[in-house]
Structures are given as C-alpha cells and as structure tokens.
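For reference, the structure is listed below as structure tokens.
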Amino acid sequence: MSKKILVTGGLGFIGSHTVVELQNEGFEVVIIDNCSNSSEDVLDGIAAVTGQRPHFEKFDLREKAEVQQFFSKHEDVIGAIHFAASKAVGESVENPLLYYENNLGVLIYILQELTKKGSANFIFSSSCTVYGQADQMPITEDAPVKPAESPYGNTKQVGEEIIKDVCKVNPQLASIALRYFNPIGAHPSNEIGELPLGVPQNLVPFITQTGVGLREQLSVFGDDYPTPDGTCIRDYIHVVDVAKAHVAALQRLLDGKNDENFEVFNLGTGTGSSVMEVIQSFERVSGEKLNYRVAPRRAGDVIQAYADTQKANDVLGWKAHSSLDDAVGSAWNWEKKIRNHEKASI
Ligand code: WQD
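In terms of the working numbering, the sequence shown opens at residue 23 and continues consecutively.
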C-alpha cells in the first residue's frame with residue numbers, strides 16, 4: 023500500500039513540522055509550495071532532522087491545470103494534508119478576493135482531484151477562529167460557529183462547509199478538519215521553526231524578535247479585558263504537538279477508524295494563558311526582561327479562547343505534551359539561531 027502523501031504548504035511553519043513527523047512515521051511526503059510565505063531552504067532543515075529530503079514541486083495551486091497535472095503524475099498519492107492558504111487576518115479584510123481565491127478556490131481544485139480517486143484522505147487546516155468569541159470556556163467542537171470577524175475566518179468556516187458537502191456525496195473521500203488554537207515554538211533540533219515575513223502579527227514571534235533586538239518594544243494590545251490580569255487569553259500549543267496530531271488524524275483515516283467521513287477536532291492544550299503570562303514565560307526561559315508597553319486594544323481580538331481537548335484525547339487518541347515554557351523556550355532558541363545565522367552571513 024502506498025504511503026505517499028501530498029502536503030500543500032509543506033515549507034510553511036506548521037506544514038514543515040508536520041512533514042518531519044510524517045517522515046518519522048514512514049510516509050513518503052510530496053510537498054507543493056509556491057514559497058510566497060516560505061523558503062526552499064526549509065527543505066534542508068527537514069532533511070537535517072529526518073535524513074530524508076521530501077520531493078518538492080514549486081507552483082501556485084491557483085493554477086488549476088497544474089493541480090490536475092500533479093494528480094495525474096502522482097496517482098499513488100493516498101491523500102492530502104492541506105496547509106497552503108493565506109492567513110493574515112488584517113490582510114484578508116483589505117484584500118478579500120485574494121483570500122477567497124487562494125483559500126477556497128484552491129481547496130475546490132484539490133477536492134475535485136481527490137474525488138476522482140477510488141479512495142482518498144484529506145486533512146484540512148482549520149482554526150479556532152471559526153468560534154469567534156465562544157460563549158463558554160473551554161471550547162468544544164460543537165460550540166456554535168459564529169459569524170466570521172474577517173474574510174480569513176470566513177474561508178475557514180466556508181472551507182469546512184465545502185468539505186462537509188463534498189464528503190456527503192463522496193463516501194470514498196474521508197476527511198478531518200483540525201481547528202488549531204495558537205501554534206507556537208520550533209522543532210527541538212532547532213533546524214526548522216517559524217519564519218514570519220516582515221513585522222510579525224502574532225504574539226510569540228514578536229516577543230522573540232524583541233528579545234533579540236530586532237523589534238524595539240512589544241505592544242500589549244489592551245490590559246482592560248475582563249480577565250484576571252486584564253490581557254487576552256489564548257491556548258498556546260507547541261507546533262510539534264500540532265504536527266503529531268496531523269499524523270494521528272491521517273492514521274485514523276487510513277485505519278478506517280473514523281465514525282463519519284467528515285470529522286472535526288480542536289487542537290489545543292486545554293490551558294489558557296494570558297498575554298502577560300506569555301511574557302512572564304519568555305522572561306523565565308530567556309532570563310531577560312522584555313521591553314513592552316500597554317497599547318490600545320487590537321480590533322477583532324476575542325477576549326479568550328482555549329480548547330476542550332476531550333474529543334481529541336479520547337477519539338483521536340492524541341494529546342499535547344509540551345508546556346508553555348517548553349514552547350516559548352523553543353521559539354526563543356530558534357530566534358537566536360536564525361539571527362546569529364543572519365549576523366554570521368553579513
Ligand atoms: C494572541 C494575543 C493579541 C501581538 C491569530 C489568528 C488565528 C491563528 C493564530 C492562523 C492576542 C496579543 C499579539 C502583539 C499583542 N492564525 N498580541 N501584541 O490573534 O489569537 O490568532 O493567529 O490560523 O486564526 O486569528 O494570535 O498571536 O496574533 O495574538 O498583545 O504584538 O496576543 O491581542 O490577545 P490570535 P496572536
């Protein structure tokens with residue numbers, strides 16, 4: 023039986039960590055990436071960790087003919103793990119058509135090819151953003167999906183709906199949507215990690231870039247929220263834990279253990295941490311004081327979001343193992359490495 027699996031966006035942050043875990047489990051990985059938000063150098067990092075350089079094809083998945091050619095060339099692909107998408111909330115508000123074309127148009131092309139096969143497996147990169155501000159914490163998978171606060175969030179909601187509808191009339195397609203909470207950190211080998219382009223939108227890369235002096239000061243977006251210390255609460259989960267969940271999800275489908283041919287799982291630790299707690303974690307693991315100031319709230323932020331992990335633990339058979347300090351510490355090690363590397367190459 024073939025163990026060849028397509029990973030779109032496999033040179034990205036979560037994608038590259040998932041490729042490593044797939045190779046560790048004996049899968050043959052084929053990556054498609056257009057490198058719009060990643061670098062081909064990541065292939066060297068993956069190979070340094072696993073000793074296997076994945077097969078890589080560089081093209082834009084918005085080119086439908088190229089997607090069709092890929093699948094006719096790789097008939098033995100058993101399915102796809104689909105990371106390739108645009109994911110900047112603010113950018114999606116400015117440029118909705120880019121997001122609807124890239125995040126939904128491409129999804130449709132991939133599903134069109136998978137449904138031509140006798141059987142196929144599909145893992146979809148979704149997000150806790152579909153819940154908006156959930157009414158109850160921790161958030162379970164059957165919490166109501168709230169009206170999206172951005173086109174980005176809408177593409178995750180609509181993406182799940184498209185997959186559900188396609189699975190209803192294609193019993194040969196088995197699919198799982200994984201709703202990530204807040205993936206952070208880097209592989210313990212320090213060979214791969216997060217490579218945000220430009221000014222980081224997310225908290226942890228901004229913290230580590232401030233720690234190495236690349237950014238002057240972190241702005242804490244609001245400390246007047248109804249939370250214990252006034253700052254927003256999120257479920258920060260080590261990216262390697264997130265990667266391992268993708269292998270568990272694929273294996274569940276390959277073993278035919280799925281109850282329906284479309285399932286949804288939250289990927290979180292089940293613990294919420296405030297912005298201030300993440301700053302304190304950084305100061306603990308780095309031994310450095312972080313330069314920050316309190317700034318106005320950021321539009322679109324929810325007050326708190328952390329996962330109920332019961333279903334992922336009991337049904338998917340997966341559990342996050344790393345602590346916040348482990349994850350923040352791995353992000354810090356990675357940041358120091360890439361900045362020293364940059365200095366060394368000047
Ligand atoms: C976390 C907290 C900010 C930066 C987003 C997407 C989500 C997923 C993860 C793709 C918030 C605060 C942040 C800063 C700050 N992305 N913050 N200063 O917004 O929970 O989730 O990224 O799938 O879909 O919505 O993550 O890291 O941006 O923010 O105070 O410079 O940190 O206000 O409370 P978020 P984040």
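Just so it is clear, CB atoms sit at the ideal spot from N, CA and C, and this is done for glycine as well.
Selection 203, 128, 307 evaluated against residue 149 yields 203 as nearest (Cα-Cα). Residue 205: member of the beta strand (DSSP E) spanning 204 to 206, first to last residue. When DSSP assignments are scanned along the region 82 to 129, the uninterrupted stretches of alpha helix (DSSP H) that are 4 or more residues long and fall wholly within it turn out to be 86 to 95, 111 to 116, 118 to 121.
Residue 36 is a Cβ neighbour of residue 105, given a cutoff of 7 Å. For residue 231, same chain residues with a beta-carbon under 7 Å away, outside a window of 5 residues either side, are 222, 237, 357 in chain order.
If you draw a straight line from the Cα of residue 108 to the Cα of residue 306, it comes to about 33 Å. With respect to residue 198, residue 265 sits apart: the two C-beta atoms are not nearer than 7 Å. With contact defined as three or more Cβ pairs closer than 8 Å, the region 150 to 158 and the region 83 to 93 are not in contact.
By the 16-neighbour rule on beta-carbons within 10 angstroms, residue 66 is exposed. With respect to residue 51, residue 42 sits apart: the two C-beta atoms are not nearer than 7 Å. Taking 6 Å as the cut-off, one finds no heavy atom of ligand 1 near enough to the beta carbon of residue 335.
Where residue 272 is concerned, the enclosing alpha helix (DSSP H) starts and stops at 261 to 276. For the 7 Å CB-CB criterion, residue 333 and residue 163 form a contact. Secondary structure remark: continuous alpha helix (DSSP H) runs of at least 4 residues inside the region 26 to 75, in chain order: 35 to 46, 64 to 72.
Here residue 317 is bridged, per DSSP, to 243.
Ranked by Cα distance from residue 179, the first of 207, 132, 218, 121 is 121. The alpha-carbon of residue 281 is positioned some 21 Å away from that of residue 166.
Taking the Cβ of residue 254 as the reference point, at least one heavy atom of ligand 1 falls within a distance shorter than 6 Å.
Cβ contact annotation for residue 212 (same chain, cutoff 7 Å, sequence separation greater than five): 355, 356, 359, in chain order. In the structure shown, the three-state DSSP call for residue 199 is strand. The C-alpha of residue 94 lies about 10 Å from the C-alpha of residue 139.
If you draw a straight line from the Cα of residue 80 to the Cα of residue 245, it comes to about 43 Å.
Taking a C-beta distance under 7 Å as the contact criterion, residue 114 and residue 173 qualify as a contact pair. According to the DSSP assignment, residue 145 belongs to the beta strand (DSSP E) that extends over 142 to 149. Listed as beta-bridge partners of residue 212 by DSSP are no residues whatsoever. For residue 225, the enclosing alpha helix (DSSP H) starts and ends at 225 to 233.
For residue 323, the CB contacts under 8 Å within the same chain, skipping 5 residues up- and downstream, are 243, 244, 254 in chain order. In this structure the region 177 to 197 touches the region 129 to 148; the number of beta carbon pairs closer than 8 Å is three or more. Buried is the label assigned to residue 298, since at least 16 other Cβ atoms lie within 10 Å of its Cβ. Residue pairing by DSSP places residue 326 opposite 255 in a beta bridge.
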